[in-house]
Each structure stands twice: as structure tokens, then as C-alpha cells.
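Chemist: In the working numbering, the protein residues as written are 1144 to 1842.
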């Protein structure tokens, strides 16, 4: 038997049903016996929604009113009545089992499943399997319109059935017409058989993903704006009614290894992906979630892995994964098992633990744990921020994709990143970051988030010629996205004043942009992570003297950097080998190549928040042409770096480390000659420290 089902919401109708998150307000159904071709009683039931504000389209099409709906039963009561009445009708027809049949997939997948999930009650098993009448009709009549273009009316017209909707109440005509279409498909000329119903997955299945897999880009979406504590099960619940591929939820991490509020989700086919895109700006709790298309390559980059250790760890299916963070570096498997205790038994004992390590084997303080059921996982999560050794431990829900991503991140990170050797560093023409109180800068506030440098230059119009080279500074937020602010250095305070007067509240795309005159000091405060508002300046999180803006204003003495200065950025200068004076005399000359268009660039880096005004990313890398190499081979130069010495690079410094602490750390070692003093721009305080009798000098 089939139960022909039709429904409507308080919002959009037709192809957009369920896309606006509006609640169900109407259900109409009728039982059809496919063997005897008999039908049961036609039932129509109104549903009382939490929000009775009906859209204009709903009022016009359905003829329903808020007053009438206010007297109806809520959805859970209506579904109970549905089950009881269907069972009663089946007994009359001498049948016991049935499958739903709806006009398309939207009512089941986009309305009933999401709404019941949000209202925290379960649908009966009959709603997890159904026939899509449009697909069945196209299978029976291949010459009819495409499935996506079908409606009840077009199917009826194709068969020559009556299509006067005004003769019946809204919903009643639709169900009666659907029953007539089904009987036509069962006629002797067609003999259509309903054999392959659509299915809805009961729950999301976890599992590993290999980088060697092929992922169809037409099945992947990116969800943005997720609460940071969201798990893969939370995301699967957001997409309830749609079939996510096994292991198809990949939570994205930021550069610090923490979740950034984004996830890539892989569905079983493109049809499910298209339905997921219709949930753009639907809500998860109080937050709306943005849904965009993504690619298979992006999914594999996040979720794919090649480690045999990870594959073996994730080979146990349907396990709950918990991530532990902040473990002591000396913690062992026994310590972790003892911390979790007997109330949270780990699947497989020690085999259910996976410690995250650096490529050299050092522990990172992270670990993943497998539990066989939700109860054990909940007991483990109760130990969040309890003490192990002398440290408190953080516990979070995790996913197979996050395990892959964390392992990929740590195992692929080189211990000491170096610059590529075959590429010659190019230092752009010198420019000065303003640091004084002269108001020769402007601040742009309220920029469209899609605005780029070209948009800003177009917005500035004729004033573009008054911008200093590399004088445009974009400000990003802590998630690395555009904040809507930018700073521009002008050639003089008068130019900045004129720009602020001319461009204030001028439109850029569909938004007006506020333009204010400000000083270089105010600009640097914001670029370093501080805030600038009506209350004045709030200092940045980092207040170190050694990180103050003046200390970053390097290479200010010449309009063109001499070739010798490029030695500072040669890859060999990061970790040079010990050289003798005789060997260094035969060293080839340094080559620095400046393309003609480089001088025309207004900006070649983006200022991340918080960011020093002169970031290392201001150094670009371009291959030098053979002519430049040949010309430099005949030139003579005096190396700035003393050849007998060597540079070392320090990583992992505490954020409050100053120059004195670094000099004290290297106490007892021979210091470099005074020739280093000319390499960097120093404040008077820093210079006094360097000129004192020390054995090391800091660059």
C-alpha cells in the first residue's frame, strides 16, 4: 500500500518549500491499495505552528488564516493522529504495511525531518522511506518533462486529467490528483511497479577518508558560522533529512589547531548537495549558518589522510571520538587511561589512544580517544578541565576528519621552515610606515567584505596618485576574514584631509564607506591589534618595546635597496654553515632583481590582525632573469654580514620576551661585531642595550 502525502508550510510553496525554515501548517493524506486499486478515507489536518505569521504566498495559495490555525493541534499530536488513522484505514483494506508517496522530496527531507529535529521529537520509521512521485512518473513516462520541472499539475496535464484546482480545498485536490496519476501508472498500458523507494539515513556514520579517494565536487558544501563547540553529529543534525556520505563531515581548523567555525560536508550525490544549499542561513540554535559550494579537492585537503597509524586507529567503525588537549608532555598511555577511569572504558584499551606528535617524535599535548558508546563519551566529557599531573585537560567531541587534519598539520610541519633555494628574494622599494602624530593617514570603515585593493583604489579616484607606495593596509579579524576596515597612508596631512572630505560616505558597491583622517600612530595601534573608537585608543594585546612600530621600520635609508642588503634574506643566511675567510672570498655576488612593475604596486601584502606594520610577507620572490645574474657577476660588493659568523633563528619565545632576556639567554658566547648595528633600525633604548659590553647582538 501507498500513503499519498501532501503538506504545506507557513512560508514558501512549490520549488522553494522548506527553504525559508517556516513550519508545517497542513497535512493531507490518503491510503492507496496498489493491488485492489482501492483507496481509504482522505484526511486533512491543520497544524498549529509556533509562529502563525503566514506569508502572502501562503495566504493566497492555501486560503488559510492564523485564526483557523490557532485552533489546530501541534505537529507531534498531528503525527500521532496520522499513524493511528493510517493503521485504521489499512485494516479496513486488509493490509498491514505501507510506504509514503509524496510530490517530490521537499516535504519529507526539507520540512518534516528538519522541523522535528529542532523540536526534539522522533519521526516514526515510515518517514525514513518514501517514493518520489515525480521520479516514478518520469520512469514510467520517459518522454515527459525532466524531474526537476515536474509538478502535480504538469503530470496531470500530460495524462489528460482534469486540472481545475478551484473545485476542491487546498491540499485535497493535490492528493486526489496524485492518486489518479498513480492509478494511470498502474494501468495495463504501463504496469508500473513501485520497487525502489528513496531512503533517509537514520544517523550519520563516521569513518576515515584517504587522500587517494576520488571525491565529486558536485557533492561537497562548505558550512560557515558554526559554533566552535559543534561536533560532526551537530552538523549532521543541522542537515537532518539529507544523506551525508560516510565520514563526510570535516571540521576545519585554524592555524592554531582550533576549530574556526567552518566545516566541509560531503553528501552521497549531487541531488542531496543541491538540497543542502537551500538551507543557506538556516539556524543552528541562535546562529544562522551559511552554506556554499565547495570542491572535492578542498574536502580531501581537510579530511584525507595517508598515515597507516591513523587508518588503523579509525578502522573501528561507529566509535565516538574525544579529543584531549593540554596533556603533559610526559603523559603515557597508562596516565591517560587512569585519568579517564573505569567509568569511561576506552575501546581496545591502549589501542584506542592516539597521541599526536611532531615529526621528530616530540608530543604536542594532544591525543584522541575512542569510546564504544555515547554513555562512555559523556562520562569522559564530564572530566573537562580536571587535573592530570599539574595541568588541566580539555576534552571535546571530535571527528575522524579532525583526527586526519590534526595529524596532517603536525606531521607535515617542518621543524625549521626555510626559504626555497632556487628563487632569488626581491625586496620591494623602500617605504616608511608612519609612526608619528602627523595626521597623514585615512581610515576607511564599513568596506564591503568582498572589497579588494583594486576596489579601494577605484573608490579613491584621483586621490590614488597621492597614496604612498605600499600605503594600503587591509585589516582582518581574528578569523582571518576582512573586518571592513582599511588604512591608507597619504603623502601629506593636507592630502589626507582632502580625501576624508571628498570620499566620506561615498558608495562602494552597495554600501557607503566612512572615511576619517588619522595619524600613523593610530593606524599602527590598530594594525598591532589595538582598537580605535570614540573612546580613544585601546592598546594592542602585545605591548612589547621590541615589537613597537618603530622597530619594524626597516630599510628606510634608500629609495632602492642595494644588492648587499639582499643577503639578509638569502635562504643560506637563515642557517648558514660555518665558513672560513678564505672560502668566503670566492663566494658569488648577491643578485637582486626588481621587475619594472614592482614599483607601481600599492600593496603586496595583507595586514593580518594583529599584525606588525611591516610583515615578513612584504618580501616577494621572483626569479631573476639571466641578464641580471650575468650583470651582477661582474659587480663588486662588500658583504654586510661578517663572513666568519653565523646566524641562528629562535622559535618558541615567550610572548613577553624582551631583548635583555634574549641577551641573558646567550650569556657566555662570543658576540658578533658592531657591523650588525647598521642592519636594523633601532630605538635609542635598544641601541644603548646593544652598545653595552655584551657577547651577543639581537637582530
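Using N, Cα and C, we set each Cβ at its ideal position, and we do this for glycine too. Everything numeric in this text was worked out from a predicted model, so none of it was measured.
Going by the DSSP bridge assignment, what does residue 1436 pair with across the sheet?
Modeler: Against the chain shown, residue 1436 aligns to sequence position 293. Its beta-bridge partners are 1364.
Chemist: Can you tell me the Cα-Cα spacing of residue 1407 and residue 1501, whole angstroms?
Modeler: Residue 1407 sits at position 264 when you count from the first residue of the chain shown. Residue 1501 sits at position 358 when you count from the first residue of the chain shown. The straight-line gap from Cα to Cα measures roughly 26 Å.
Chemist: Using DSSP bridges, identify the partner residues of residue 1381.
Modeler: Counting from one through the chain shown, the residue named residue 1381 turns up at place 238. Looking at the DSSP assignment, residue 1381 forms no beta bridge with any residue, so it has no partner.
Chemist: Determine the closest residue to residue 1484 out of 1531, 1506, 1471, with distance taken between C-alpha atoms.
Modeler: The count along the chain shown starts at 1 and reaches residue 1484 at position 341. Checked all of 1531, 1506, 1471; the closest Cα to residue 1484 is 1531.
Chemist: Using only the alpha-carbon positions, how far apart do residue 1800 and residue 1193 sit?
Modeler: Position 657 of the chain shown, counting from 1, holds the residue named residue 1800. Position 50 of the chain shown, counting from 1, holds the residue named residue 1193. So the two alpha carbons sit approximately 57 Å from each other.
Chemist: Could you check if residue 1235 is buried or exposed, using at least 16 other CB atoms within 10 Å of its CB as the buried criterion?
Modeler: In the chain shown, residue 1235 corresponds to position 92, counting from 1. Classification of residue 1235: exposed, given that the 10 Å Cβ count is below 16.
Chemist: In angstroms with no decimal places, state the Cα-to-Cα distance between residue 1175 and residue 1313.
Modeler: Within the chain shown, the letter at position 32 stands for residue 1175. Within the chain shown, the letter at position 170 stands for residue 1313. Those two C-alpha atoms are separated by around 20 Å.
Chemist: Give the DSSP-derived three-state secondary structure of residue 1597 in the structure shown.
Modeler: Mapped onto the chain shown, residue 1597 falls at position 454. It is helical.
Chemist: Tell me whether the beta-carbon of residue 1436 lies closer than 9 Å to the beta-carbon of residue 1409.
Modeler: If you number the chain shown from 1, residue 1436 lands on position 293. If you number the chain shown from 1, residue 1409 lands on position 266. Not closer than 9 Å, so no.
Chemist: Measuring straight from C-alpha to C-alpha, what distance separates residue 1583 and residue 1625?
Modeler: Here residue 1583 is taken as the residue at index 440 of the chain shown, counted from 1. Here residue 1625 is taken as the residue at index 482 of the chain shown, counted from 1. The straight-line gap from Cα to Cα measures roughly 23 Å.
Chemist: According to the neighbour-count rule (16 or more other Cβ atoms, all chains shown, within 10 Å of its Cβ), is residue 1548 buried or exposed?
Modeler: Your numbering for residue 1548 matches position 405 in the chain shown. With 16 or more Cβ atoms within 10 Å of its Cβ, residue 1548 is classed as buried.
Chemist: Among 1446, 1598, 1431, 1369, which residue has its Cα nearest to the Cα of residue 1389?
Modeler: Within the chain shown, numbered from 1, the residue matching residue 1389 stands at position 246. For the residues 1446, 1598, 1431, 1369, the minimum Cα distance to residue 1389 belongs to 1446.
Chemist: Does DSSP put residue 1625 in a helix, in a strand, or in coil?
Modeler: Your numbering for residue 1625 matches position 482 in the chain shown. Of the three classes helix, strand and coil, the one that applies to residue 1625 here is strand, per DSSP.
Chemist: Using C-beta distances below 8 Å, list every residue in its chain close to residue 1265, excluding the 5 sequence neighbours before and after it, in chain order.
Modeler: On the chain shown, residue 1265 is found 122 positions in, with the first residue counted as 1. Hits under 8 Å: 1259.
Chemist: Can you give me the C-alpha to C-alpha distance between residue 1481 and residue 1257, rounded to a whole angstrom?
Modeler: By 1-based counting over the chain shown, the position of residue 1481 is 338. By 1-based counting over the chain shown, the position of residue 1257 is 114. Roughly 41 Å between the two C-alpha positions.
Chemist: Between residue 1364 and residue 1418, how many whole angstroms is the CB-CB distance? I'm expecting something under 8 Å.
Modeler: Within the chain shown, the letter at position 221 stands for residue 1364. Within the chain shown, the letter at position 275 stands for residue 1418. Not really, about 10 Å apart at Cβ, beyond 8 Å.
Chemist: Going by the CB atoms, is the gap between residue 1164 and residue 1858 shorter than 9 Å?
Modeler: Outside the shown range of the chain (1144 to 1842) lies residue 1858, about which nothing can therefore be said.
Chemist: Quick one: Cα of residue 1652 to Cα of residue 1597, how far?
Modeler: On the chain shown, residue 1652 is found 509 positions in, with the first residue counted as 1. On the chain shown, residue 1597 is found 454 positions in, with the first residue counted as 1. For residue 1652 and residue 1597, the distance between alpha carbons rounds to 13 Å.
Chemist: Do you know offhand how far residue 1152's Cα is from residue 1188's?
Modeler: Reading the chain shown from its first residue, position 9 is the one you call residue 1152. Reading the chain shown from its first residue, position 45 is the one you call residue 1188. Taking the straight line joining both Cα atoms gives about 13 Å.
Chemist: Determine the DSSP secondary structure at residue 1610, reduced to helix, strand or coil.
Modeler: In the chain shown, residue 1610 corresponds to position 467, counting from 1. Residue 1610 falls in the strand class under three-state DSSP.
Chemist: So is residue 1232 buried or exposed if we call it buried at 16+ other beta carbons inside 10 Å?
Modeler: The sequence position of residue 1232 within the chain shown is 89, counting from 1. Residue 1232 is buried by the Cβ-count criterion.
Chemist: Taking just the CA atoms, how far does residue 1588 sit from residue 1655?
Modeler: Against the chain shown, residue 1655 aligns to sequence position 512. Against the chain shown, residue 1588 aligns to sequence position 445. Cα to Cα, the separation comes out at about 9 Å.
Chemist: Is residue 1438 near the ligand FMN, judged by its Cβ being under 8 Å from some heavy atom?
Modeler: In terms of ligand content, the structure shown is empty, and the ligand FMN therefore cannot be addressed.
Chemist: Out of 1223, 1240, 1498, 1376, state which residue places its alpha-carbon closest to the alpha-carbon of residue 1463.
Modeler: Looking up residue 1463 in the chain shown gives position 320. Of the candidates 1223, 1240, 1498, 1376, the one whose C-alpha sits nearest the C-alpha of residue 1463 is 1376.
Chemist: Measuring alpha carbon to alpha carbon, tell me which of 1361, 1618, 1199, 1238 ends up nearest residue 1180.
Modeler: Here the question's residue 1180 lines up with position 37 in the chain shown. When each option's Cα is compared against that of residue 1180, the closest is 1238.
Chemist: May I have the straight-line CA-CA distance separating residue 1252 from residue 1296, to the nearest angstrom?
Modeler: Start at 1 with the first residue of the chain shown, and residue 1252 comes out as number 109. Start at 1 with the first residue of the chain shown, and residue 1296 comes out as number 153. If you take the alpha carbons of residue 1252 and residue 1296, they lie about 22 Å apart.
Chemist: Does residue 1774 come out as helix, strand or coil in the three-state DSSP assignment?
Modeler: Counted from its first residue, the chain shown places residue 1774 at position 631. Caution is warranted here: a pLDDT of 48 is assigned to residue 1774, below 50, making its placement in the model unreliable, and the coordinate value is therefore given only provisionally. If DSSP states are grouped into helix, strand and coil, residue 1774 belongs with the helices.
Chemist: Determine which residues share a DSSP beta bridge with residue 1387 and list them.
Modeler: By 1-based counting over the chain shown, the position of residue 1387 is 244. Answer by DSSP bridge pairing, in chain order: 1410.
Chemist: For residue 1218, which option in 1169, 1512, 1273 has the closest C-alpha, if you only look at C-alpha atoms?
Modeler: On the chain shown, position 75 is the one that residue 1218 refers to. With distances taken between Cα atoms, residue 1218 lies closest to 1169.
Chemist: Would you say the region 1639-1653 touches the region 1593-1611, given that touching needs at least three Cβ pairs under 8 Å?
Modeler: Result yes; three or more Cβ-Cβ pairs closer than 8 Å.
Chemist: Checking the sheet assignment: what are the DSSP bridge partners for residue 1242?
Modeler: For the purposes of this step, residue 1242 is identified with residue 99 of the chain shown, where counting begins at 1. Beta-bridge pairing links residue 1242 to 1145.
Chemist: Give me the Cβ distance between residue 1640 and residue 1660, rounded to the nearest whole Å; I'm assuming they're in contact under 8 Å.
Modeler: Here residue 1640 is taken as the residue at index 497 of the chain shown, counted from 1. Here residue 1660 is taken as the residue at index 517 of the chain shown, counted from 1. Sure, about 6 Å apart at Cβ, within 8 Å.
Chemist: Applying the 10 Å Cβ sphere with the 16-neighbour rule, what's the burial state of residue 1581?
Modeler: Here residue 1581 is taken as the residue at index 438 of the chain shown, counted from 1. The residue in question, residue 1581, is exposed, as its Cβ has fewer than 16 Cβ neighbours within 10 Å.
Chemist: Assess contact between the region 1264-1278 and the region 1337-1351, defined as three or more Cβ pairs (one per stretch) separated by less than 8 Å. Is contact present?
Modeler: Cβ pair count under 8 Å is three or more, so yes.
Chemist: Could you have a look at residue 1319 and say whether DSSP puts it in helix, strand or coil?
Modeler: Translated into the one-based positions of the chain shown, residue 1319 becomes position 176. Three-state result, residue 1319: helix.
Chemist: Apart from the five residues just before and just after residue 1401, which ones in its own chain have a Cβ nearer than 6 Å to its Cβ?
Modeler: Reading the chain shown from its first residue, position 258 is the one you call residue 1401. Correct list: empty, nothing qualifies.
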